[in-house]
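Chains as they are written, first to last, in my numbering: chain A, 1 to 403; chain B, 404 to 746; chain C, 747 to 998; chain D, 999 to 1445. Quick notes on the structure that follows.
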């Protein structure tokens, strides 16, 4: 179906199901319960899961398949966001023109940077991309402020032209009248589920681009990219020119990043310059490696993992801890709170750092490897048969080079 | 002209910090083939060695002085540093005053130990793993290290002044035949530059003139062959890791008076030091040093008002611009070897 | 006129004359071996043939076109395939995927963006790849990861990848280097089979005289950068000049 | 304005299908809200969004302490702090409108993106009805914009840029902290009396919006005194080594260096300027002086002894002698062991002001709160008589001019108060060109 094998079709159906059910699945604990703190089913975070999932899927097409490690993809994310907000300012709040522009400008920008950077390989390539992105960030923050509104971030002002805004047009981002920040809340028993327009908009786009990436993985182009990662010498002596292949992968992943950046601004009409900083580029690298580079689902898992910790763990404070352990005797309660305290709230990055280390030490293939292990355990299939999980055939062997 | 000399001095000074960090990073790349994202954190921990030394010397005996009141109206606490009560206020005072240079004595063993533990406990298991995994694990480690520092020292910068003797500036211009008050330069920055030059020279001498160094250099060129010769190169590489950490640590400790240490200063230097190493060329120690000084000097000149008025914002991007130009004209940086981290 | 003509090629590296006045004329359909003691210039000559080195003087014409200054992938597209000393294959890919790549390269040229087409729909390509794998008796290993193959199978796979492109000329750089005897014999058998069934011109650079004499129809002996003799294997055996050149080395 | 949670009925239809699919017995929806996150239970939730990682984490921690203290006092725990001295007597220590105050906290990371994400989760997940906190203007403007769209109140924390209540002002946003214009207006007369009217200033300015507004304000104020501006140089925000920018100052003919830097930038540029010996020099026959327009005690600590004698401005200082300050310092000091920073004070005051406005309005409805706060005059929160101006939601109150302490009595004594500049001197017209271009818009309650 859809040009996919039966296995891939099943896989895609599972992904679609999970994506559409996210508002329910991420809300496992009833409202008001002690563990409700761990619920992640609110619009902003779900949107971020989908958007950073898209970013990571795109990055994986470059890094996972070709092995070229870009440290500058945040630049495309930023360009995408700025494009969308500029379209808001000039035309109006419909997200479509902005998203189209975001993909196109990010693609062109990627073409330029990729064309230059891909003249080098390995770490030299990584540093070239990093240099371009850092230049973009530094300029966006300072000299280019008329274009980017600098530190504050680009936003819509009431005196912007917005020439396509009719009297009845919604006054916030919308898709032909479907307003992104509108939600339906449904209470079922003790649970409350939020079905947000913006989330479903992102989710549908995420499913489409996931499907595209699945097609790319299974296409002749996908094989060529993996061949580049494995052996460029054989590639050239087989009559193939690796450069246009890597450049195409770079541009495609740049467009994914631009789309993700555009969606960020579609959910929340503000484009901050920090989106272009090296830390943002590093984040997508971490997401991809953490989840499992070169696998289809890995990067999405990695994106979800990091965003979850950033948004959920940073909000747990001592008061919440005390309510959790309130049932315990006072001394014990204080002791436990004291022990847990460094890892939550402002210590969320410590927890994240430790988890990075644990995952990479114990699960060399990333989170997806953990998933595969559990899968094997559940299905009871033996380990030594090297049973393929969903993704095993694209699982990268640990090879001894960055790229 | 005097403005140019001033900026040249600034460049050398910036460059010596870059060079020291890049040197350690290259030692680790070159000998171990490991991408160490925690190297910036080593620099940061070095700087906190200076902070720790200062607070250790300031461990005080507390007495209450009922004649004075603190902000809540309670009797004020009078703190007398132990060192002062031990050696008398005069000598004790000057020991405290010299805490930053003294912290080198703390930084060397601490950083060597940290380096050994890191290499044996963690990095060792990642030699055969992809560079991507190395990046993830060392980045995780960098976060953990800086969060630990934040837990104990907070997020604010902590003042760590240079000894009084070097706190002010000296009239450098007079020394090289200029009029008075034309080239004024902070004394501590001159100390820092001299210190860096000594460390860099020492590292090179160590690699050049000792058997140990020769084996390591041979190992950098061809690890397998050296291994075949029956030399335990792994052990030496562990020591090199310790040395690299110690170099970064000393660079950080001595930098503390210039840049008040804070827990995330390592991340600020991380990206820059990678750029320096790559511009210098992977696996080349002289390249790292050369690139460090080059980028430092170029950055300083780009910060001059005359240049900035020509090209606004040039000082924000000059390092990256130079990096791009060099990498496009010289495929392996200034002095890189073929095949290192190129696949 | 041969398919590959090397005329008056000279190449110096500093003071060293690596190649001096090399003239070679390789006939269509032959198996031509280039032998010579260490340092005779075999590798330099090979690198000139594949365009990696540009000679100081002289020309290299393949099929009437110059190969000099062309990129490796252009030379391949002209019809020259190369087998390396250590097999160069796509280690992370399966045997079958390895075979697909040359098939696509043959059909689509140096670059084509088939990003959304499914491999499964490429019936012709799949058939061709499977056929080739059957020909080299590797069809039962199609799902294996290439890096896990034995040395002999890697060589077999590399050869198959070259052959599936139907090259006019196959360059082999010490195809049996480092192989066990049994693997060497298998490889010789394979090459002979290929030559007989496909009529491909082959140029072999080889050390091992057993291999050379089992395969070659003509042999050029290179010494100190220049061709010493060119003749049939029968005549090369026991040729005095050749013995002289190999003095001290174990001739076969 | 945008609607956040409305159109409920239409959406429920589509949602109901999914809900019914779950085949769970009780499907019901909450009563329609009159405004977003209307508190229905026995508690009301406030959101404190402060930097917990990054360079301002300590400032954020201090803000959070103040918020926690304010919540305690509102709920009737502790000694009541400034509730006792506050001129409005609506707060009784029984929560807000009888509802117990709960709070959630989050990390802005001092990035507008992260700050908005954190604020959104407070609004969407935790049902926060008011957001407060923050330690930079970029974040304040970004979160203020978000609160306007979402329909909750934003009580800004530490934000000093003119834009927060100028170009980027919003109906749902309120700023208690002072701003760059006020700093400059307060510093002017003091600089004149200390350093005279014949001075040449050299500006080093952090290259982002706050830096620019600070620089513009300072230039306007000093030039009005008759000072000349020799040069103004932008420095990268990420810079840690300012030597290249400081080196040319001494030979430029300037005799005053104005550091329009904040936080880590300020610590490093000031430390390094002192190391360059600027303060020991004589230029044009006058002592060379350094001015840091915006002081932050927490950051000043990082510069150590280098701040001695350096003049700057503050919103508030714990050494003030009024009753409000005294009781606040007492309850803060007793709880945490050290005196509060000005960031803590502004956050504490903002929380009380919000609670009081709700009490006076008799509703949590943001539009009611806005109305109650606009034009509100009060006293007893440490800054003397203060007005929340209706036109731009900026507080007008006295500004402190301070000077780095030469002989600190203890580790908390960082600055001496030079002068309390009366409010009249720092007041400006809402149409002032430095604040022009903005538009409050209408209050948004999300309904």
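We treat Cβ as the ideally placed atom computed from N, Cα and C, and that holds for glycine. These figures come from a predicted structure and were not determined experimentally.
Next on the checklist: By the DSSP assignment, the alpha helix (DSSP H) with residue 956 of chain C in it spans what residues?
Outcome noted: What you label residue 956 of chain C is simply residue 210 of the third chain in a count that begins at 1. Segment 955–961, the alpha helix (DSSP H) holding residue 956 of chain C.
Item to check | Local conformation of residue 73 of chain A per DSSP, three classes | outcome: Taking the first residue of the first chain as 1, we reach residue 73 of chain A at position 73. Taken through DSSP and simplified to helix, strand or coil, residue 73 of chain A comes out as coil.
Checklist entry - Can you list the beta strand (DSSP E) stretches of 3 or more residues lying completely in the segment 554–640 of chain B, in chain order? => result 572–574 and 587–589
Checklist entry - Among the residues of its own chain, which have a CB less than 6 angstroms from the CB of residue 1066 of chain D, if the five just before and after it don't count? => result Walking along the fourth chain from the start, residue 1066 of chain D turns up at place 68. Hits under 6 angstroms: none found.
Next on the checklist: Can you pull out the residues from the segment 829–861 of chain C whose beta carbon lies closer than 7 angstroms to at least one beta carbon of chain A?
Outcome noted: 834, 835, 836, 837, 838, 839, 843, 846, 847, 848, 850, 851, 856, 857, 859, 860 and 861
Checklist entry - To which residues of the same chain is residue 320 of chain A closer than 7 angstroms at the C-beta, ignoring the five residues directly before and after it? => result As a working note, residue 320 of chain A is residue 320 in the first chain. The residues are 37.
Next on the checklist: Check whether the segment 639–647 of chain B and the segment 431–451 of chain B touch, using three or more Cβ-Cβ pairs below 8 angstroms as the test.
Outcome noted: yes
Checklist entry - Would you call residue 1375 of chain D buried or exposed, if buried means 16 or more other Cβ atoms sit within 10 Å of its Cβ? => result Within the fourth chain, numbered from 1, the residue matching residue 1375 of chain D stands at position 377. Flag for residue 1375 of chain D reads exposed.
Item to check | Bounding residues of the alpha helix (DSSP H) (the contiguous stretch that carries residue 322 of chain A) | outcome: Within the first chain, numbered from 1, the residue matching residue 322 of chain A stands at position 322. It spans 318–324 - the alpha helix (DSSP H) in which residue 322 of chain A sits, taken as one unbroken run.
Item to check | Contact under 8 angstroms by Cβ, residue 702 of chain B with residue 496 of chain B | outcome: Here residue 702 of chain B is taken as the residue at index 299 of the second chain, counted from 1. Here residue 496 of chain B is taken as the residue at index 93 of the second chain, counted from 1. It is not a contact, given that the beta carbons lie outside the stated cut-off.
Next on the checklist: For residue 523 of chain B, which residues in the same chain have their Cβ closer than 8 angstroms to its Cβ, ignoring the five residues on either side in sequence?
Outcome noted: To locate residue 523 of chain B, count along the second chain from 1; it is residue 120. Excluding positions up to five away in sequence, the list reads 641.
Checklist entry - Closest by CA to residue 704 of chain B, which one among B:638, B:521 and B:720? => result Residue mapping note: residue 704 of chain B aligns to position 301 of the second chain, counting from 1. The residue with the shortest Cα to Cα distance from residue 704 of chain B is B:720.
Item to check | Start-end ranges of the beta strand (DSSP E) lying completely within the segment 119–192 of chain A, minimum 3 residues | outcome: 183–188
Item to check | Distance, residue 33 of chain A Cα to residue 209 of chain A Cα | outcome: Numbered from its first residue, the first chain carries residue 209 of chain A at position 209. Numbered from its first residue, the first chain carries residue 33 of chain A at position 33. If I take the Cα positions, the gap works out to 36 angstroms.
Next on the checklist: Short of 7 angstroms Cβ to Cβ, which residues in the segment 243–275 of chain A face chain D?
Outcome noted: 268, 270, 272, 274 and 275
Item to check | Amino acids of chain A, ordered along the chain, whose beta-carbon sits closer than 9 angstroms to that of residue 822 of chain C | outcome: Reading the third chain from its first residue, position 76 is the one you call residue 822 of chain C. Here the neighbours are 236, 237, 238, 239 and 240.
Item to check | Identity of the residue in A:235, A:134 and A:45 nearest residue 77 of chain A by Cα | outcome: Position 77 of the first chain, counted from the start, is the residue given in the question as residue 77 of chain A. The candidate whose alpha carbon is nearest that of residue 77 of chain A is A:134.
Checklist entry - Does the distance from the C-beta atom of residue 55 of chain A to that of residue 303 of chain A stay below 8 angstroms? => result As a working mapping, residue 55 of chain A is identified with position 55 in the first chain. As a working mapping, residue 303 of chain A is identified with position 303 in the first chain. Result yes, Cβ atoms of residue 55 of chain A and residue 303 of chain A sit closer than 8 angstroms.
Next on the checklist: Rounded to the nearest angstrom, what separates residue 1206 of chain D and residue 142 of chain A at their Cα positions?
Outcome noted: Stepping through the fourth chain from its first residue, residue 1206 of chain D is reached at position 208. Stepping through the first chain from its first residue, residue 142 of chain A is reached at position 142. Straight-line Cα distance between these residues: approximately 6 angstroms.
Item to check | Interface flag, residue 140 of chain A vs chain C, CB-CB below 8 angstroms | outcome: Counted from its first residue, the first chain places residue 140 of chain A at position 140. No, no contact with chain C.
Checklist entry - In chain A, which residues lie less than 7 angstroms from residue 720 of chain B when you measure between Cβ atoms? => result As a first step, residue 720 of chain B must be located in the second chain, where it is residue number 317. At a beta-carbon threshold of 7 angstroms, the residues of chain A lying near residue 720 of chain B are 135, 138 and 139, ordered along the chain.
Next on the checklist: Can you confirm whether residue 1146 of chain D, when its beta carbon is compared against all beta carbons of chain A, has any partner nearer than 8 angstroms?
Outcome noted: Working through the fourth chain from its first residue, we reach residue 1146 of chain D at position 148. It does not; no Cβ of chain A falls within 8 angstroms.
Next on the checklist: In whole angstroms, give me the CA-to-CA distance for residue 1410 of chain D and residue 1057 of chain D.
Outcome noted: As a position in the fourth chain, residue 1410 of chain D is number 412, starting the count at 1. As a position in the fourth chain, residue 1057 of chain D is number 59, starting the count at 1. Their Cα atoms are separated by approximately 15 angstroms.
Next on the checklist: DSSP has residue 466 of chain B in a bridge; who is on the other side?
Outcome noted: In the second chain, residue 466 of chain B corresponds to position 63, counting from 1. Answer by DSSP bridge pairing, in chain order: B:481.
Item to check | Three-state class that DSSP yields for residue 1392 of chain D in the structure shown | outcome: Numbered from 1 along the fourth chain, position 394 holds the residue referred to as residue 1392 of chain D. If DSSP states are grouped into helix, strand and coil, residue 1392 of chain D belongs with the strands.
Checklist entry - With a Cβ-Cβ cutoff of 8 angstroms, do residue 806 of chain C and residue 908 of chain C count as a contact? => result Within the third chain, the letter at position 60 stands for residue 806 of chain C. Within the third chain, the letter at position 162 stands for residue 908 of chain C. No, they are not a contact pair.
Next on the checklist: Let me check one thing: in DSSP terms, what residues is residue 1045 of chain D bridge-paired to?
Outcome noted: Residue numbering aside, residue 1045 of chain D sits at position 47 when the fourth chain is read from its first letter. Bridge partners of residue 1045 of chain D: D:1102 and D:1129.
Next on the checklist: Quick check on this structure: which residue in C:804, C:902, C:914 and C:816 has the alpha carbon closest to the alpha carbon of residue 776 of chain C?
Outcome noted: Start at 1 with the first residue of the third chain, and residue 776 of chain C comes out as number 30. Residue 776 of chain C has its Cα closest to that of C:914, out of C:804, C:902, C:914 and C:816.
Item to check | Amino acids of chain B, ordered along the chain, whose beta-carbon sits closer than 8 angstroms to that of residue 356 of chain A | outcome: Start at 1 with the first residue of the first chain, and residue 356 of chain A comes out as number 356. Result: 539, 540, 542, 543 and 546.
Next on the checklist: If distances are taken between C-alpha atoms only, which option among C:795, C:838 and C:802 comes closest to residue 817 of chain C?
Outcome noted: Counting from 1 along the third chain, the entry for residue 817 of chain C is found at position 71. Among C:795, C:838 and C:802, the Cα nearest to that of residue 817 of chain C belongs to C:795.
Checklist entry - Can you name the residues of chain D whose CB is closer than 8 angstroms to the CB of residue 667 of chain B? => result Translated into the one-based positions of the second chain, residue 667 of chain B becomes position 264. Correct list: 1052 and 1053.
Item to check | Reduced DSSP category for residue 12 of chain A - H, G, I as helix; E, B as strand; rest coil | outcome: Counting from 1 along the first chain, the entry for residue 12 of chain A is found at position 12. Note: residue 12 of chain A maps to helix in three-state DSSP.
Next on the checklist: Between residue 561 of chain B and chain D, is the shortest Cβ-Cβ distance under 8 angstroms, so that the two count as touching?
Outcome noted: Looking up residue 561 of chain B in the second chain gives position 158. Closer than 8 angstroms to some Cβ of chain D, the Cβ of residue 561 of chain B qualifies, so yes.
Checklist entry - Thinking C-alpha only, which one of D:1045, D:1209, D:1296 and D:1379 is nearest residue 1154 of chain D? => result Along the fourth chain, one-based indexing puts residue 1154 of chain D at 156. For residue 1154 of chain D, the nearest C-alpha among the options comes from D:1045.
Checklist entry - Should residue 661 of chain B be counted as a contact of the ligand ZN given a C-beta to heavy atom distance under 7 angstroms? => result Ligands in the displayed structure: none, and consequently the ligand ZN is not present.
Checklist entry - Would you call the segment 1216–1224 of chain D and the segment 1186–1206 of chain D in contact, with 3 or more CB pairs under 8 angstroms? => result yes
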